[in-house]
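Asker: Going by the working numbering, the sequence shown opens with residue 3, and the numbers climb by one from there.
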Amino acid sequence: MLRPKGLPEAVLAVPAAGIVIATGAISLDHAREEAARLGPVVGFLAAVLVLAHFCDVEGLFQACGAWMARRAAGSPGRLLAAVFVLASAITAVLSLDATVVLLTPVVLATAARAGVRPGPHLYACAHLSNTASLLLPVSNLTNLLAFEASGLSFTRFAALMALPWLVAIGAEYLVFRRFFDDDLTASVHSPEPGETPGLPLFALVIVGCTLGGFVVASAAGVDPAWVAAAGALVLAGRALLRRRATPLSVVRAASPAFLAFVLALGIVVRAVVDNGLADALGRVLPDGSGLPALLGIAVLAAVLANLINNLPAVLVLLPLTAASGPGAVLAVLLGVNIGPNLTYAGSLATLLWRRIVHRHGQDVRLGEFTRLGLLATPAALVPATAALWLSLQAVG
3 MLRPKGLPEA VLAVPAAGIV IATGAISLDH AREEAARLGP VVGFLAAVLV LAHFCDVEGL
63 FQACGAWMAR RAAGSPGRLL AAVFVLASAI TAVLSLDATV VLLTPVVLAT AARAGVRPGP
123 HLYACAHLSN TASLLLPVSN LTNLLAFEAS GLSFTRFAAL MALPWLVAIG AEYLVFRRFF
183 DDDLTASVHS PEPGETPGLP LFALVIVGCT LGGFVVASAA GVDPAWVAAA GALVLAGRAL
243 LRRRATPLSV VRAASPAFLA FVLALGIVVR AVVDNGLADA LGRVLPDGSG LPALLGIAVL
303 AAVLANLINN LPAVLVLLPL TAASGPGAVL AVLLGVNIGP NLTYAGSLAT LLWRRIVHRH
363 GQDVRLGEFT RLGLLATPAA LVPATAALWL SLQAVG
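(1) Do GLY67 and THR112 have their C-beta atoms closer together than 8 Å?
(2) Among the candidates ALA161, SER77, ALA89, whose CA atom is the shortest distance from the CA of GLN395?
(3) Using CA atoms only, rank isn't needed, just tell me which of ALA48, VAL338, VAL271, VAL366 is closest to PRO120.
(4) Which value, in whole angstroms, describes the spacing of the CA atoms of VAL218 and VAL229?
(5) Spatial neighbours of PRO78 within its chain, please: CB distance less than 6 Å, with the 5 preceding and 5 following residues excluded, ordered by chain position.
(6) Could you pull the start and end residues of the alpha helix (DSSP H) that VAL1 belongs to?
(7) Have a look at LEU88 and ALA234 and give me their C-alpha separation to the nearest angstrom.
(8) What do you get for ALA386, buried or exposed, if any count of 16 or more other CB atoms within 10 angstroms of its CB means buried?
(9) I'd like to check one pair, LEU30 with ILE23: are the Cβ atoms closer than 8 Å?
(10) Could you say which of PRO380, ALA247, PHE178 lies nearest to GLY298 if we only look at CA atoms?
(11) Which residue's Cα is closest to the Cα of ILE358: VAL95, CYS127, PRO6, TRP69?
(12) With three or more C-beta pairs closer than 8 Å as the rule, is the region 51-71 touching the region 282-293?
(13) Give me the Cβ distance between VAL334 and LEU320, rounded to the nearest whole Å; I'm assuming they're in contact under 8 Å.
(14) Could you please give the first and the last residue of the uninterrupted alpha helix (DSSP H) stretch that includes ASP58?
(15) Between LEU213 and GLY26, what straight-line distance do the alpha-carbon atoms span, to the nearest angstrom?
(16) Excluding five sequence neighbours on each side, which residues of the same chain lie with their C-beta closer than 7 Å to the C-beta of ARG80?
(17) Comparing C-alpha positions only, which one of ASP183, PRO139, ARG180 sits nearest to THR50?
(18) Output yes or no for whether 8 Å exceeds the beta carbon distance between ALA389 and LEU165.
(19) For a test of the three-state rule: what should DSSP assign to THR25, helix, strand or coil?
(20) Please classify HIS360 as buried or exposed, where buried requires at least 16 neighbouring CB atoms within 10 angstroms.
(21) On the three-state DSSP scale, how would you describe ASN142?
(22) Let me know the secondary structure DSSP gives ASN343 once reduced to three states.
(23) Where does the unbroken alpha helix (DSSP H) through ALA232 begin, and where does it stop?
(24) Could you check the C-alpha separation between LEU62 and LEU250 for me, to the nearest Å?
(25) Taking a contact to mean a Cβ-Cβ separation below 8 Å, would you say LEU383 touches ALA304 in this structure?
(26) Taking the alpha-carbon positions, what's the ALA151 to ILE310 distance?
(27) Does DSSP put THR248 in a helix, a strand or coil?
(28) Compare the Cα-Cα distances from GLY41 to each of ASP225, GLY337, ARG240 and report the closest residue.
(29) So, using beta-carbon positions, are ASN132 and ASN308 closer together than 8 Å?
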């Protein structure tokens, strides 16, 4: 999390994985088993990262900024609503990394041109990169892991999570309107005129075809990583042919160091689980898929995410809840996706967002972030869990 001297997370995680194997904390067979389980998930993640990067190269995020500016027309409240709509859609379709890395700077620039205070809109990017990542298996690495453990199809996963997704985003929006009332009602300067870039239809078509491919692949029993790879290959190939990218930039877009970190972290967490954590959590983890059990699982997952980060938390909890059915697995997902809005350390996305905001000269205060999280996290988590229970009754 700290990344001393800006070093990639893998610099510490890969040696840590080697240490737990060398000391016998995890057997070589278990380490291979964990790497094989995470392999397809990591491949999927790499493809989605490349897809999002080349959507940016095509100009998708600049077009998003122009749309937000037109929609806001100098009003902080309308700009916040526009940010909520775009950040929710981008997080759901292109993953939370796209919202944090690509949309956040665009939102900052749009707020500056409109003459509004950037705070509410920047915090919205951070919160929605977590909360709005509930909808699709492709929205978050935690979702990919839960999707694999749940045994659900792509469309069934989305159908069960649609209502919790909408409820959680709506709850966050209401909290933001109240918390940032002074910023959203402050007088603003006249917005600066800006360019209106054209809509990147090619990128939108490829993204739409990729989403449709996920549905078809899930129904046919084909690993969706192949579909994501095809979409990424088309956009990357177009950029290479037009000399807007190099083979090295394509590799960098896949974030190989982060992929190595995910594999190494999985092995380290498996070692901790094998050496007693699974037994300890098993004694306090609720059983079943009734509303009280789902609430207990979601809250425990949220607490654990803030103690050890959401990625280790989901790796720990999924094997313990998979036997209780998809409802329990999705309750874990609610906790590890919404819960990280409480602290900076809750998710890697929030830590990355903080670095990006600081890089652009903006001050985000720990006290303000925490006060907002204390209000927004339970306000979103509890009704979203109730909505999941309702979805399970309706969809089955």
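Every residue gets a Cβ at the ideal spot worked out from N, C-alpha and C, and that includes glycine.
Answerer: This is what the structure holds:
(1) yes
(2) ALA161
(3) VAL366
(4) 9 Å
(5) VAL118, LEU186
(6) Beyond the ends of the chain as shown, which are 3 and 398, falls residue 1; an answer cannot be given.
(7) 21 Å
(8) Buried, because 16 or more other Cβ atoms sit within 10 Å of the Cβ of ALA386.
(9) yes
(10) PRO380
(11) When VAL95, CYS127, PRO6, TRP69 are compared, the shortest CA-CA separation from ILE358 is found for CYS127.
(12) No contact exists between the region 282-293 and the region 51-71.
(13) 6 Å
(14) 30-59
(15) 42 Å
(16) Excluding sequence positions up to five before and after ARG80, its CB lies within less than 7 Å of the CB of ARG73, ALA74, all in the same chain and listed in chain order.
(17) According to the sequence provided, residue 50 is Val. The question's Thr does not apply to it. Ranked by Cα distance from VAL50, the first of ASP183, PRO139, ARG180 is PRO139.
(18) yes
(19) The answer is coil: DSSP assigns THR25 none of H, G, I, E or B.
(20) Looking at its Cβ environment, which holds fewer than 16 other Cβ atoms inside 10 Å, HIS360 is exposed.
(21) DSSP places ASN142 in coil when its eight states are reduced to three.
(22) helix
(23) Counted as a single uninterrupted DSSP element, the alpha helix (DSSP H) harbouring ALA232 occupies residues 226-243.
(24) 22 Å
(25) yes
(26) 21 Å
(27) The DSSP-derived three-state label of THR248 is coil.
(28) With distances taken between Cα atoms, GLY41 lies closest to ASP225.
(29) no
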